[in-house]
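Chains as they are written, first to last, in our numbering: chain A, 1 to 281; chain B, 1 to 313; chain C, 1 to 476. Positions of the beta carbon are idealized from the N, C-alpha and C atoms, including for glycine. First up is the structure itself, then whatever we jot down about it.
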Amino acid sequence: MGRFKRYGLGIGIGIFLCIMVVFTLYPIIYAVIGSFKTNSELTAGGSFFPQDGWHLENYWNAFIQADFAKYTWNSVFISISSMLIAVITSSLAGFVFARRDFVGKKLIMIFYVGLMFVALGSVTLYPIYNLLMALKLHKSVIGLILALTGGQASNVLLVMGFVKSIPKELDEAAIIDGCTIYGIFFKVIMPLIKPIMAVVALFTFRNSWNDYVTTLIMSISMPNLRTLTVAVVQLKYSINAAAEWHVMLAGASIAIIPILIVYFFANKQFIAGLTAGAVKG
Amino acid sequence: MSKHGTQISNIKRMRKMKENLQSYSLLLPNLILFIAFSIYPCIWTLKFIFYRYGGIGTPDPKFIGLDNIIRVFHDEIYWKTVRNTLIYAGAKIVLIIPLAFLLALFLNKQRKGNGLVQSVIFVPTIMSSAVMGLVFYLLFNVYNGQINRFLLDWNVIKQPINWLGTDHAMKTLVITAIWGGIGNYMVYFIAGLQRISEDTLESARIDGANRLQTLWYITVPMLGPILKIILMISITAAFNDMSNVMVLTEGGPDNSTMVMSLYGYQFFFSISPGSIVSKQYGYGAAVSAVSALIAGGITVFYLFVSKKLDDVY
Amino acid sequence: MRKRKLLAFLLSVALTATMMAGCGKSVDKSGDTPSTTESTDESKTDSEATGEKTKVVIWSKDRHDADLITSKVDAYNGNNTDNIEVDYQIYTENYEQAIDMAFQSGEAPDIIVHQTQIFQKYVNSGRWADYTPYMDDDFKATFGSVIIPGMNEIDGKVYYVPTTGTTGRLFYNKAIFEKAGIANPPATLEEMVEDARIITSKLSGEGIYGFAANMKSPGSALGRSLLYQVQRELGLSYGYDFAAGKYDFSGYEPVINSWKTLLSPECAFPGCESLDIDPLRTQFADGKIGMYISYTHAEPGVYKNQFPMKDEWGVVQIPVSDGNVKGAQSYIANGGYLFNAESKNLDAAWKAYRAIFTDIDYLAEYYEQGLGISIIPAVIEKAKPAQVYIDNADLLIGDTDAIWPLAPQEVNANAVLVEGMDMYATFGSMMLGDADIKSGLKDLTDRYNAALKAGIDEGTGTEIKIDSFNPKNPSK
């Protein structure tokens with residue numbers, strides 16, 4: 001009886017997990033398979049697998065005609081740059097907040113924490129654009145990267161929490177050895193906070209790669225700097241010609257696959273990172 | 001005070017100053033970004049709440065006092081978007097939290113295949129919600145979407161369901177949001193579960209508690225603190241979701257999926273080339289500020305309530 | 001193990017990047033690859049290097065004519081003796097926004113392809129250059145007929161000349177009409193509703209429906225249909241009564257009611273409220289939709305190239321109640337080029353424009369290729385139009401079409417800031433939902449008039465009242 005119940009439960013769980021896996025994978029597989037269909041087949045509906053052959057040339061079209069090769073490079077360059085800036089600046093700031101007392105620290109901390117509750121959303125893009133324009137950065141890739149990186153209050157607090165969990169004695173020993181604050185950071189702290197730096201890196205990379213709204217606005221005046229995500233979605237809005245869903249799906253697949261590869265190599269890190277974020281709060 | 005004393009205090013002050021400078025030198029790179037991209041936009045928004053401005057090519061910004069705020073309170077569509085946002089956030093949280101919890105519970109054990117399933121469920125969270133919005137359009141549209149075709153073929157429904165129509169668009173949006181977010185919350189819960197020691201569960205079992213009892217009396221209460229954080233994250237996230245709405249429904253039909261953040265956005269930038277809402281930066285700022293107050297208020301209220309609950313238990 | 005590998009990888013990436021950044025200004029250089037060729041800078045370096053070439057930058061919003069135009073531009077760049085180099089850039093999406101930003105930062109191009117909203121937005125602040133000092137007699141003779149006061153000529157200054165026109169018409173699938181046993185396309189609004197009903201009731205089993213509209217964005221759907229229909233039906237444009245000088249939506253009631261029926265399940269293709277124009281077109285091409293209303297310039301090309309259509313389609317004037325036409329229908333005059341008044345190369349820009357875009361052979365080719373419907377008499381005379389225009393005369397801009405004066409919110413969108421839903425959103429909720437039509441239209445009239453009055457009081461709007469306004473001849 002108990003055994004029967006147990007098997008029943010096991011089967012129930014199995015079915016539930018199967019449903020969730022199908023639910024998760026279906027849209028992605030549909031997109032990838034759809035990227036091999038013709039435009040008319042896609043827009044007319046039809047079956048799951050392509051009926052009139054696998055159209056590899058959609059990818060050729062996406063890469064060559066729709067310039068996706070360029071957008072892919074933009075995505076890679078911009079995402080990695082913003083990742084580096086985020087990792088460097090937020091770990092330095094997190095370290096300072098965790099370890100040093102300085103004039104105005106309280107006040108600055110209040111702003112960092114407080115702004116996490118104020119979500120003005122995309123409205124801030126307009127003043128940010130104006131600011132970049134005033135700095136003559138609105139026509140350069142640097143402006144876009146900085147806007148994407150943003151203020152990163154949450155990253156700083158994440159690093160701060162992590163540094164606080166490292167015993168202070170290590171710093172003190174280093175001070176006795178004659179290390180400056182810079183020495184402490186680079187020689188003592190940095191090697192120890194690598195896990196959290198990796199977390200910040202991965203999440204910034206993911207956000208920059210996937211971001212739509214910020215990149216859209218910042219690249220309006222420089223369409224050549226568009227990232228894959230923006231380029232794919234903008235295909236939907238071609239004004240005169242008809243939307244090309246097949247190229248769009250090919251583009252979507254091109255956008256999906258690299259991040260999947262990153263995830264494949266770093267999925268433990270992603271998950272560990274999220275965990276760290278949640279536990280530290 | 002002796003001469004010697006002032007010298008010491010001078011040295012001390014010098015050292016203090018040097019330490020301050022050192023601290024700031026490390027803080028500065030981030031502080032600059034923070035001021036430029038977090039503080040400055042807030043100040044700009046606060047200022048423009050009191051102005052009327054339609055952008056370049058229109059008259060210069062004009063101070064109009066509280067007119068924009070008053071207009072927000074009279075703007076029926078805005079309050080409809082507030083209601084939509086609350087429905088969206090509420091439905092998303094109510095569905096995603098239990099589902100994620102169940103997934104975490106089933107996948108937490110060290111069993112073959114669990115890691116793989118976990119990784120698969122997590123995949124959507126690394127994808128662009130804007131790009132997937134396009135894909136969901138193909139899946140859900142009424143006339144040739146895969147979902148309707150599937151349901152019709154299996155005789156689940158007789159008539160195609162208008163997934164993106166006025167009646168169902170919000171549900172569809174919530175489904176896609178769950179798709180995109182469930183992996184995150186599952187991982188949070190797994191993190192929480194892993195902090196409960198095996199011993200505690202073991203001793204409960206030895207005391208004769210069955211699975212359900214252990215779950216209810218041990219696991220759930222012990223998850224308390226992390227559950228609070230998870231709920232908090234889910235509230236903030238749900239209030240900020242925008243790009244999925246922007247791509248999938250553009251807030252339509254008839255504003256039935258227009259959320260607060262997107263409503264404010266359209267006064268600054270067009271949602272689609274067909275949109276004819278004229279640029280109103282001052283009013284947009286007012287809308288966003290009120291929205292931020294509502295979202296922030298709910299978060300703070302939640303924190304307050306959960307504190308109170310802690311006191312009771 | 002894996003963790004460590006990843007860290008090593010990330011760190012090495014970080015290291016290489018910092019090294020790169022360490023080597024002088026390499027960040028800037030690597031940024032160059034993806035960054036857009038900065039026109040102003042480049043023209044500077046160009047002129048410094050060769051000391052002669054003048055660069056003229058043109059921004060366009062169109063992709064459909066890009067092949068023809070770029071070939072002409074390339075030819076011009078190769079041949080011209082004035083040492084002018086034209087840089088033709090296409091900004092299909094966010095065109096308006098891109099121009100706003102360019103003006104804001106003082107980096108606007110020399111020439112901008114005309115678009116009504118953009119033109120109106122900046123014309124009052126003197127951003128566009130006046131054509132008149134440049135116009136020679138030949139130019140005046142060719143384009144005189146399209147220089148219309150109130151449209152492109154304001155206070156004696158000419159800001160652009162359109163070369164093509166587009167407007168809304170009813171497109172229908174001949175095979176579906178035949179199958180449903182309907183002999184002729186609808187001539188009246190009543191017939192249109194009836195035909196849609198017949199088609200849906202007879203053929204919905206085969207997945208064929210009578211009518212569709214891309215109501216995902218009511219502004220896009222109704223701006224290409226209802227706007228023109230009401231001009232014909234009531235002699236009003238955007239609900240504005242030019243004779244009375246105020247808004248009046250009350251007369252819309254019967255038309256909105258007909259649309260409500262057209263979009264109801266007894267007539268309409270399912271899912272109209274979430275339909276974009278392109279999915280609609282594919283369904284039309286697939287023979288699933290009996291009729292819909294759209295622009296004349298775009299549809300022929302779409303069914304020839306993008307979504308090849310098996311069935312034969314036809315086109316007729318937008319039907320009105322009892323066929324009783326009270327007004328002419330406006331058309332959008334395209335193919336004009338606006339000159340940036342602040343451009344430093346106005347002379348060169350004019351030379352390039354004159355040579356490339358006002359050439360009769362080019363304009364004839366444009367028309368013949370079906371890229372746009374010509375409104376220039378000399379071109380129409382010369383060109384051999386594509387067969388589709390000969391077969392479907394209603395595609396052309398004709399006697400029933402005229403240029404309308406601009407309604408207040410067209411003159412200045414910021415002068416008529418309506419509280420609550422705009423007209424199209426309101427119509428959309430009446431047609432698709434159950435908002436009460438009569439009281440809704442009354443409310444809409446009040447809100448628009450209040451906004452108009454507020455705009456005039458503010459000084460942003462102007463009162464527009466035309467005595468003895470005749471909607472059948474609105475440009476007079």
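Buried or exposed for residue i, going by 16 or more other Cβ atoms inside 10 Å?
i        : result
A:Met197 : buried
C:Ala141 : exposed
B:Gln7   : exposed
C:Gly156 : exposed
C:Asn83  : exposed
A:Cys18  : exposed
A:Ile220 : buried
B:Met127 : buried
A:Gly251 : buried
C:Thr81  : exposed
A:Gly14  : exposed
A:Asp211 : buried
C:Ser43  : Unreliable placement is indicated for C:Ser43, whose pLDDT of 41 sits below 50; the coordinate value is still reported in the next sentence. That one is buried.
C:Thr282 : buried
Would the beta-carbon of residue i fall within 8 Å of that of residue j?
i        : j        : result
A:His138 : A:Tyr126 : no
A:Phe68  : A:Leu228 : yes
C:Ser258 : C:Thr445 : no
A:Gly151 : B:Ser38  : yes
C:Val320 : C:Leu441 : no
B:Lys80  : B:Asn244 : no
A:Ile175 : A:Trp209 : no
C:Gly287 : C:Asp322 : no
A:Ala153 : A:Met116 : yes
C:Ala348 : C:Thr70  : no
C:Cys267 : C:Thr200 : yes
A:Leu92  : B:Leu26  : yes
Within the continuous beta strand (DSSP E) that includes residue i, where are the two ends?
i        : result
C:Thr164 : 164-166
C:Gly290 : 289-295
C:Asp276 : Segment: none, C:Asp276 is in no beta strand (DSSP E) and carries neither H nor E.
C:Trp313 : 313-316
C:Gln89  : 84-90
C:Thr54  : 54-60
C:Tyr209 : 209-211
C:Val193 : Unbroken run through C:Val193 is the alpha helix (DSSP H), 189-203; no beta strand (DSSP E).
Among the options, which one has its Cα closest to the Cα of residue i?
i        : options                                : result
C:Leu226 : C:Thr132, C:Leu170, C:Val123           : C:Leu170
C:Phe177 : C:Tyr160, C:Leu189, C:Asp195, C:Glu190 : C:Asp195
C:Ile437 : C:Val113, C:Thr188, C:Thr81, C:Ile256  : C:Ile256
A:Phe264 : B:Ile121, B:Phe189, B:Ala237, B:Phe34  : B:Ile121
A:Ser90  : B:Val135, B:Pro29, B:Glu76, B:Phe106   : B:Pro29
B:Val94  : B:Gln266, B:Val174, B:Tyr137, B:Ala286 : B:Val174
A:Leu146 : A:Ile254, A:Gly114, A:Ile78            : A:Ile78
C:Trp313 : C:Asp137, C:Ile111, C:Pro185, C:Phe139 : C:Pro185
Tell me which residue opens and which closes the alpha helix (DSSP H) that residue i is part of.
i        : result
B:Leu103 : 76-107
B:Ala130 : 129-140
B:Leu212 : 211-214
A:Phe68  : 68-99
C:Asn334 : Taken as a continuous stretch (DSSP letters only), C:Asn334 belongs to no alpha helix (DSSP H), being part of the beta strand (DSSP E) at 332-334.
Give me the Cβ distance between residue i and residue j, rounded to the nearest whole Å; I'm assuming they're in contact under 8 Å.
i        : j        : result
C:Gly335 : C:Gly372 : 6 Å
C:Tyr160 : C:Asn173 : Not really, about 37 Å apart at Cβ, beyond 8 Å.
C:Thr167 : C:Ser330 : 7 Å
C:His64  : C:Gly301 : 7 Å
C:Val418 : C:Ala386 : Actually they are not in contact, since the Cβ atoms of C:Val418 and C:Ala386 sit about 42 Å apart, beyond 8 Å.
What does residue i touch in chain F if you count any residue whose Cβ is under 7 Å from its own?
i        : result
A:Ile128 : You won't find chain F in this structure, because its protein chains are A, B and C.
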